[in-house]
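To keep things clear, I will list the structure first and then write my remarks on it.
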Amino acid sequence: MACAIVAASSRPALSPGVSLAGQDMIAPDLETAIESLRRMFDEAAMIVPFTGAGISTECGIPDFRSPGGIWTKMAPISFDAFLASEEMRIESWRRRFAMEEHFRKARPGRGHRALAALHRAGKARGVITQNIDNLHQASGIPPEDVIELHGNTTYATCLDCGQRYEIDWVRERFAAENARAPTCACGGFIKTATVSFGQAMPEIAMRRAEEWTRACDLFLAIGSSLVVWPAAGLPLLAKQNGARLVIINREPTEFDAVADLVVRQDIGTVLAPFAER
Ligand code: NAD
Ligand code: ZN
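Under our numbering, the first residue of the sequence shown is numbered 1409, with each subsequent residue one higher.
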């Protein structure tokens, strides 16, 4: 059966060989962090960046778990709730329309541009992302080199037949039908092309992400709270396979103790020097 997306409380036990006890390797300041990153990038044969909402906060898209993040304001709507109730489908669309300005205006930030430069230089295979904002593609990384683990919110699909719908179309229908959640010609529910809690992970994307993770010698976990599973298992998988692990996040994460380098700085600031390589 396909693996469903879950939050931390139900995460699987850590694999043997990966211990969370250990010495944090926290970069003492910005300069040291940049210098260490430069050395690690130079030494790496294959880098796999793995990104979360934190890389896009400077682009005006709020994350979920920072103070003031979306979930400090409203609880997420699970996949089951979306399927079960018209009221929840309507609420889910209302929230999506409320975010439209943010998504439409957002342009790639310094972090996105740095990863695009690593990709252009042949250093990074591509990007594995939990983000749904399309900004890695917008930064110039070809779509086939962006693995989206949680889908994409810049368009919608029918849950039954897979037909694609544009957000503008959905919004017009929503207005024309007096705030009813639109359905597909086949009768299926239309939903943003994202993976909600309780919804199955995209199997091919997850399999490719695991392959890249096993093959890399440097894994960069950037701007993720690392609490959404199974995506959060990837940094540990990389580590188990002998890769170096770097975590860039202004807040501590549960996996800092297994990382080779922890950078507790603003992502844009620390990655800016790599943006024009
Ligand atoms: P999260 O909100 O759980 O965590 C974001 C992390 O980034 C936090 O730990 C925060 O400390 C850090 N952060 C934020 N801004 C930063 C900055 N400027 N510099 C350094 N660190 C910064 O996000 P997640 O781990 O990606 O998981 C949330 C889920 O929500 C994902 O599955 C994703 O699909 C979805 N989401 C996506 C977007 C997006 O596409 N931009 C936005 C919100 C949520
Ligand atoms: Zn359909």
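Backbone N, C-alpha and C fix where the C-beta goes; we use that ideal spot for every residue, glycine too.
- At the C-beta level, Ile1478 and Glu1499 stay beyond 9 Å of one another.
- Contact between Gly1631 and Ile1463 holds, with the beta-carbon distance rounding to 4 Å and staying under 8 Å.
- For Ala1593, the shortest separation between its Cβ and any heavy atom of ligand 2 lies below 8 Å.
- For Ala1564, the enclosing beta strand (DSSP E) starts and ends at Gly1559 to Cys1566.
- Looking at the backbone, the Cα of Arg1447 and that of Pro1643 are separated by about 20 Å.
- For Val1678, the enclosing alpha helix (DSSP H) covers residues Ile1675 to Leu1679.
- Taking one beta carbon from each stretch, the segment 1606 to 1622 and the segment 1656 to 1671 have fewer than 3 pairs nearer than 8 Å; the two do not touch.
- With fewer than 16 other CB atoms across the displayed protein chains lying within 10 angstroms of its CB, Phe1505 is exposed.
- For Thr1661, the shortest C-beta to heavy atom distance toward ligand 1 is below 8 Å.
- Residue nearest to Lys1481 within the set Gly1650, Ala1489, Phe1472 and Leu1526 is Phe1472 (criterion: CA-CA distance).
- Taking a contact to require three or more Cβ pairs closer than 8 Å, the segment 1591 to 1608 and the segment 1565 to 1583 qualify as touching.
- Short of 8 Å from the beta carbon of Ala1435, and not among the five residues preceding or following it, lie these beta carbons of its own chain, in chain order: Ala1441, Ser1444, Leu1669, Val1670, Val1671, Arg1672 and Gln1673.
- Inclusion of Ile1455 and Leu1626 in the CB contact set at 9 Å is warranted, their separation being smaller than that value.
- Restricting attention to beta strand (DSSP E) runs no shorter than 3 residues, the segment 1449 to 1477 encloses them at 1455 to 1459, ordered along the chain.
- By the neighbour-count definition (other C-beta atoms within 10 Å, threshold 16), Arg1528 is an exposed residue.
- For the segment 1498 to 1577, the continuous beta strand (DSSP E) assignments of 3+ residues that do not extend past its boundaries occur at 1535 to 1537, 1554 to 1556, 1559 to 1566 and 1572 to 1574, in sequence order.
- The three-state reading of DSSP puts Phe1627 in strand, counting E and B together.
- Counted as a single uninterrupted DSSP element, the stretch harbouring Ala1435 is not any alpha helix (DSSP H), since DSSP gives it neither H nor E.
- Secondary structure note for Lys1647: it is in no beta strand (DSSP E), and the uninterrupted alpha helix (DSSP H) holding it is Gly1641 to Gln1648.
- Looking at the DSSP output, Leu1653 shares a beta bridge with Phe1627.
- Ala1651 is the residue among Glu1684, Pro1590, Ala1651 and Ile1656 whose C-alpha sits nearest the C-alpha of Glu1451.
- From the listed residues Arg1588, Glu1466, Asn1657 and Met1609, the smallest Cα separation to Ala1514 is found for Glu1466.
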